[in-house]
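Take a look at the structure below.
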Amino acid sequence: MGNFLQQISNLITSSPGNLTYHLVLTFSLTGALVACLLQRNAASTETERRTTLGLSLLLALRVAMFIVAGLSWQALLNEHLVQPPIDRAVTLLSLLVVIWLWAFPRSSRLGDAASLLLGLLLLIFSVFSIVWWLGKGNQLSYNHSLADQVAQYVAIALLSLGCIYLVFRRPLAWGFGFGMGLTLLTGHIANLFELPPGGDYSAAIRLTQMAAFPLLLALPLRFPPILPARQTAIAPAFREHTLPGSDPRLIQLLLSLNSEQNPATIGRIITQAISSAVPAEICLLILPPDENDRLNVYCGYDQVRERHLEGFTTTSQNLPAVTAAIQEGISQTLAPDSLAPDTGTLSQALKMTQTGYLHVEPVFRESGEPLAGIILLSPYSRRGWKLAEIETLRNLLPPVAQLLQRTNGLAQLQTELEKTREELQKALRFVEEEGERENYQEQLVEQQWMKPDLTMGVDATYLEGELRLALEEIARLKGALSEADRQLLDMQNQMEGIPLLSNQHQAFVSILQELRQTMSTVMGYTDFLLTESVGILGSLQRKFLERVRISIERMNRLVEELMHMASLKSGGRLIKFETVDLNELIQEAIASADDLYREKNLNLKLDLPQDNLYLQTDRVALQQALVHLLENAGEITPAGEQVCVRAKEQHDDQQRKFILIQVTDKGGGIPVADIPRVFSRLARRDQAPIPGVRSDHTSLYIVKRLVDTLQGRIWVDTEHGIGSTFSLLLPAEPEPTAETSPGDLIE
Numbered sequence: 006m007g008n009f010l011q012q013i014s015n016l017i018t019s020s021p022g023n024l025t026y027h028l029v030l031t032f033s034l035t036g037a038l039v040a041c042l043l044q045r046n047a048a049s050t051e052t053e054r055r056t057t058l059g060l061s062l063l064l065a066l067r068v069a070m071f072i073v074a075g076l077s078w079q080a081l082l083n084e085h086l087v088q089p090p091i092d093r094a095v096t097l098l099s100l101l102v103v104i105w106l107w108a109f110p111r112s113s114r115l116g117d118a119a120s121l122l123l124g125l126l127l128l129i130f131s132v133f134s135i136v137w138w139l140g141k142g143n144q145l146s147y148n149h150s151l152a153d154q155v156a157q158y159v160a161i162a163l164l165s166l167g168c169i170y171l172v173f174r175r176p177l178a179w180g181f182g183f184g185m186g187l188t189l190l191t192g193h194i195a196n197l198f199e200l201p202p203g204g205d206y207s208a209a210i211r212l213t214q215m216a217a218f219p220l221l222l223a224l225p226l227r228f229p230p231i232l233p234a235r236q237t238a239i240a241p242a243f244r245e246h247t248l249p250g251s252d253p254r255l256i257q258l259l260l261s262l263n264s265e266q267n268p269a270t271i272g273r274i275i276t277q278a279i280s281s282a283v284p285a286e287i288c289l290l291i292l293p294p295d296e297n298d299r300l301n302v303y304c305g306y307d308q309v310r311e312r313h314l315e316g317f318t319t320t321s322q323n324l325p326a327v328t329a330a331i332q333e334g335i336s337q338t339l340a341p342d343s344l345a346p347d348t349g350t351l352s353q354a355l356k357m358t359q360t361g362y363l364h365v366e367p368v369f370r371e372s373g374e375p376l377a378g379i380i381l382l383s384p385y386s387r388r389g390w391k392l393a394e395i396e397t398l399r400n401l402l403p404p405v406a407q408l409l410q411r412t413n414g415l416a417q418l419q420t421e422l423e424k425t426r427e428e429l430q431k432a433l434r435f436v437e438e439e440g441e442r443e444n445y446q447e448q449l450v451e452q453q454w455m456k457p458d459l460t461m462g463v464d465a466t467y468l469e470g471e472l473r474l475a476l477e478e479i480a481r482l483k484g485a486l487s488e489a490d491r492q493l494l495d496m497q498n499q500m501e502g503i504p505l506l507s508n509q510h511q512a513f514v515s516i517l518q519e520l521r522q523t524m525s526t527v528m529g530y531t532d533f534l535l536t537e538s539v540g541i542l543g544s545l546q547r548k549f550l551e552r553v554r555i556s557i558e559r560m561n562r563l564v565e566e567l568m569h570m571a572s573l574k575s576g577g578r579l580i581k582f583e584t585v586d587l588n589e590l591i592q593e594a595i596a597s598a599d600d601l602y603r604e605k606n607l608n609l610k611l612d613l614p615q616d617n618l619y620l621q622t623d624r625v626a627l628q629q630a631l632v633h634l635l636e637n638a639g640e641i642t643p644a645g646e647q648v649c650v651r652a653k654e655q656h657d658d659q660q661r662k663f664i665l666i667q668v669t670d671k672g673g674g675i676p677v678a679d680i681p682r683v684f685s686r687l688a689r690r691d692q693a694p695i696p697g698v699r700s701d702h703t704s705l706y707i708v709k710r711l712v713d714t715l716q717g718r719i720w721v722d723t724e725h726g727i728g729s730t731f732s733l734l735l736p737a738e739p740e741p742t743a744e745t746s747p748g749d750l751i752e
């Protein structure tokens, strides 16, 4: 037995017997490449192209090695000096290509880059090995030399990593690749313990290569061919489709889509309509893989049993053919006897013994990106689909794509509406809590006011005079309140016909108006009491009344901000685009914030062009945005510092005219982590204040909404330790749209 193994070892490691080893590997690679080319389709997939490239590289390496062996056999080359290092280099490069073929059937940016980098490193190592061996070859055998040992350890590391990757990732037909890698790994490990250590080649490595390389013939099984549609094979339990679209149930289903808004119901109707129109025994609607390679089978319909199927989730590794068809935008048909795992995964998920034929058609967006996929199955009749039936399915895909895009849009709108409702509820609860606090303070003031003042003595005549003055003041306040009610009624008449967001929003606005009227009354009586018209106040009473006044003023500002946000959110504020002199508008905004700047002795620097700038915009909305920005800059800038306002004209690549307005403060800058919160709706109580922004940064959210309404952009640039610059970019002539036409509503 030992003599027999020794003869085999001598045969494959010495000339001319080693030509047998090269021929076996070359024929295995040639067979795998021919099988791959025969199964390629006219529109080859990415997996087919990568497989062909890898097999071509392997075949080129083996042909080169075969030529070197032939020249050495004819004594044209020094076999001992030339062939051993070249043999190790070809072996290492072949192992790298084999691992790349099995581990990355589809494009992988990280995997391809790592493979290319390793290939370059192996080439450099091979060149050094050849140079080193030319100086040492006359004294040593190449087996177990330094270069050979390094090559063996590198090969073992490559094969180990490749096998581990295949076990965890499990790409299509990974079992063949794992078996091939394990066989080659066994040969390289055995070479480390091979005795005697002499000679230039390893018999163990060559034997395992001759056993493993024929497994490359399984590579074409990863891309099953697209089979021609069968023209016969009628399912006994399935009625034959005669004319697409003639089924009254199909017409009724299509008509029901116009009034349906539930995404789940729309998906069920689509699968039921397609299964009836093609026809197909089972129709599934599947979404493209997400960032975690998860596939979501949204819903389905069983035409034979006339029942809807629930959706399920799986991985793209379990449905490789379906995933490739959706991502690469090609049709794919799998036969019942296909080796692809797609049919087994679907039959297990649907609790069926078989799936029959499987056909996949991708659904695209208008931009060409994959939107979804339609899967047809024939588990009962195991029949294929005719070309006319496939064409019927493809004709249905454009309206299906439109329905799915509309469904996605409705789902996003519903999500935004729910968020808006939650925000309104939070704001309403906040106002109610503030109202409760103010009522409690008012009760405290009334209790203090009702206490008898034992130190003050007044006669009846004095009290009658004071009562008369109080009644006159009350009459004056009633007159002012009537005038305010009249103005509010005029504003309500102007707002007639404007649709509100919802009944909940209308109730919210009504509560805010009533709250504002109540606060006006409380403010009037508080001012009247502070004038001491009905008697001298004690120090404690005056202190309480001043606190009431401050709280009412703060609450009034909060109500005003809520009214602004409510009007912007619901479309309750009319906008009017007109020609506006920007220089004049900036001067008006500065005048509105003049008190704050005078109080802090701030310097205001204006950098405006000599010629006035004009633009088409809403005057009130733009002025309000500028006032908020100026107040923000004035509040956070230290006393005595400078605030700068700039405005200039800009043009884009299409020569469209824009106006850039910038407000720069000296507030110390905004941390980078807090910039996304600058234009948020409401600051949460559990969040810390934003440095470099006024404490009530809700006004910046209003500025953002106003600028968006005016078709502009706003952003902030900050410099740590110095300050921030808020920039507004507005079109000089806004695009005419349904949202920005004169007299329309702010969306």
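Going from the sequence shown to our numbering is simple: count from 1 and add 5.
Ideal placement from N, C-alpha and C gives every residue a C-beta, glycine not left out.
The beta carbon of residue 711 sits closer than 6 Å to those of 626, 630, all from its chain and outside the five residues before and after it, given in chain order.
For the 8 Å CB-CB criterion, residue 169 and residue 193 do not form a contact. Judged by DSSP in its simplified three-state form, residue 695 adopts coil rather than helix or strand.
DSSP places residue 206 outside both helix and strand once states are collapsed to three, so it counts as coil. Secondary structure at residue 107: helix, using DSSP grouped into helix, strand and coil. Distances from the CA of residue 556 to each of 645, 436, 158 were compared; the closest alpha carbon is that of 436. A direct Cα-Cα distance of roughly 29 Å separates residue 314 from residue 373.
Counted as a single uninterrupted DSSP element, the stretch harbouring residue 307 is not any alpha helix (DSSP H) but the beta strand (DSSP E) occupying residues 299-307. The C-alpha of residue 87 lies about 16 Å from the C-alpha of residue 67. Taking the CA atoms as reference points, residue 325 sits about 11 Å from residue 319. Around the beta carbon of residue 364, a 10 Å sphere encloses 16 or more other beta carbons of the protein chains shown; the residue is thus reported as buried. For residue 181, the enclosing alpha helix (DSSP H) begins and ends at 179-197. Residue 183 counts as buried, since no fewer than 16 other beta carbons sit within 10 angstroms of its beta carbon. Under the 10 Å beta carbon count, residue 400 is surrounded by fewer than 16 other beta carbons and is classified as exposed. In this structure, the alpha-carbon of residue 671 lies about 25 Å from that of residue 654.
For residue 92, the three-state secondary structure derived from DSSP is helix. In the three-state reduction of the DSSP assignment, residue 317 falls in the strand class.
Counting along the chain, residue 286 sits inside no beta strand (DSSP E), nor does DSSP assign it H or E at all. For residue 588, the enclosing alpha helix (DSSP H) stretches over residues 587-597. Here the alpha carbon of residue 551 sits roughly 21 Å from the alpha carbon of residue 438.
Under the three-state reduction of DSSP output, residue 390 falls in the coil class, being neither helix nor strand. For residue 634 against residue 731, the beta-carbon gap comes to about 5 Å, under 8 Å, which counts as contact. Residue environment analysis places residue 118 among the exposed positions, since fewer than 16 neighbouring C-beta atoms fall within 10 angstroms of its C-beta. According to the DSSP secondary-structure assignment, residue 737 is paired through a beta bridge with no residue.
It is roughly 30 Å from the alpha-carbon of residue 524 to the alpha-carbon of residue 693. Here residue 584 carries a strand assignment [DSSP, helix/strand/coil]. Taking C-beta atoms under 8 Å as the contact rule, residue 622 and residue 663 fail to qualify, at a distance of about 12 Å. Distance between residue 93 and residue 224, taken at the CA atoms: about 25 Å.
About 19 Å separates the beta carbons of residue 346 and residue 293, which is beyond the 8 Å limit, so they are not a contact pair.
One Cα belongs to residue 377, the other to residue 290, and the distance between them is close to 7 Å. Per DSSP, reduced to three states, the secondary structure at residue 80 is coil, with no helix or strand assignment. Residue 444 sits in a helix when the DSSP states are folded into three classes. Under a 10 Å Cβ-count criterion, residue 307 is classified as buried, with 16 or more other Cβ atoms of the shown protein chains found around its own Cβ. Here residue 643 has 671 as same chain residues with Cβ atoms under 7 Å from its own Cβ, once five neighbours each way along the sequence are excluded.
When 157, 141, 280, 104 are compared, the shortest CA-CA separation from residue 383 is found for 280. Cβ-Cβ distances below 6 Å link residue 605 to 644 in the same chain, with the five nearest sequence neighbours on each side left out; the list follows chain order.
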